[in-house]
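Residues 1 to 194 (full-length UniProt numbering) make up the sequence shown, in order.
Here a beta-carbon is modelled for each residue, glycine too, at the ideal position from N, C-alpha and C.
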Amino acid sequence: MTLSDSCLRTLNTNVTECSPGLFYHSPNPDLIFETLVNEELAEICHEICYKSLLELRPKIESACNTEMDAVAFLYEDKIFPPTYMVDLLLLLFNVYCYRDRVTGKLCDLQFAEWRIHRESDKPLECEDCMLGPLKIQLQAGISYNNEDASEFQEMTSSCDATGYEYSKPAPYATTLSSESWATMAKSPSTTPTP
1 MTLSDSCLRT
11 LNTNVTECSP
21 GLFYHSPNPD
31 LIFETLVNEE
41 LAEICHEICY
51 KSLLELRPKI
61 ESACNTEMDA
71 VAFLYEDKIF
81 PPTYMVDLLL
91 LLFNVYCYRD
101 RVTGKLCDLQ
111 FAEWRIHRES
121 DKPLECEDCM
131 LGPLKIQLQA
141 GISYNNEDAS
151 EFQEMTSSCD
161 ATGYEYSKPA
171 PYATTLSSES
181 WATMAKSPST
191 TPTP
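Structure below.
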């Protein structure tokens with residue numbers, strides 16, 4: 001598989017407004033987020049970075065609009081669209097930079113405090129720092145799955161939590177059929193991976 005020149009150029013855009021730390025802490029497509037410390041969060045949680053990523057997304061959609069650009073990223077048996085990396089970085093920003101509704105603190109920092117001392121009798125899974133980032137992940141097509149959605153619904157129901165409604169996103173990735181795998185295996189070109 002190859003990409004068109006315009007698509008490849010746009011995908012290689014250097015987003016200078018974002019810290020390299022944002023890219024460094026990107027999870028793989030299995031979306032396992034690590035816990036960040038204050039210095040790491042201070043480095044990546046800048047609104048100018050978020051705005052730059054939002055502006056880059058339509059440019060990628062415009063530049064990567066040919067049939068040859070359809071398989072921009074491949075992971076296991078899943079094909080991700082050309083916007084995959086920017087969508088992943090936007091999701092990463094939204095999850096890592098999410099602030100607790102009550103305290104206003106970044107959630108990774110709030111969790112660090114709670115590990116030392118927590119006064120609330122509320123179950124941890126009912127805290128906004130648990131529910132808010134999970135909602136963000138579910139409403140982003142890139143990380144939605146039915147099992148997580150079901151667990152989230154059970155959590156919000158048992159917590160009697162409100163304000164965590166979301167619309168089920170359209171499917172994001174496409175699963176390759178065995179015929180597609182066979183065709184791709186015969187292709188002499190390389191496969192870019194996330």
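Assignment of Phe33 by DSSP, reduced to helix, strand and coil, places it in the coil class. Under the criterion of beta carbons closer than 8 angstroms, Gly132 and Tyr98 qualify as touching, at roughly 5 angstroms. Per the Cβ contact rule, the stretch 106 to 114 is not in contact with the stretch 158 to 168 (fewer than 3 Cβ pairs under 8 angstroms). Straight through space, the alpha carbons of Met130 and Thr103 are spaced by roughly 14 angstroms. In the three-state scheme derived from DSSP, where H, G and I count as helix and E and B as strand, Tyr172 is classed as coil.
Residue pairing by DSSP places Phe80 opposite Phe73 in a beta bridge. Judged by DSSP secondary structure, Thr10 falls within the alpha helix (DSSP H) whose first and last residues are Asp5 to Leu11.
Put simply, of Leu31, Cys45, Ala72 and Asn14 the residue whose alpha carbon is nearest the alpha carbon of Glu55 is Asn14. Boundaries of the alpha helix (DSSP H) harbouring Cys129: Asp128 to Gln139, taken from the DSSP string.
DSSP places Arg57 in the helix class (H, G or I) of the three-state scheme. Between the beta-carbon of Asp121 and that of Arg101 there is about 18 angstroms, and that puts the pair past the 8 angstroms contact cut. Taking the C-beta atoms as reference points, Leu31 is found nearer than 7 angstroms to Ser143.
Around Leu88, the same chain offers Ser26 and Ile142 as residues with beta carbons nearer than 7 angstroms, after the five sequence neighbours per side are excluded. Distance from the CA of Ala170 to the CA of Asn145, rounded to the nearest whole angstrom, comes to 11 angstroms.
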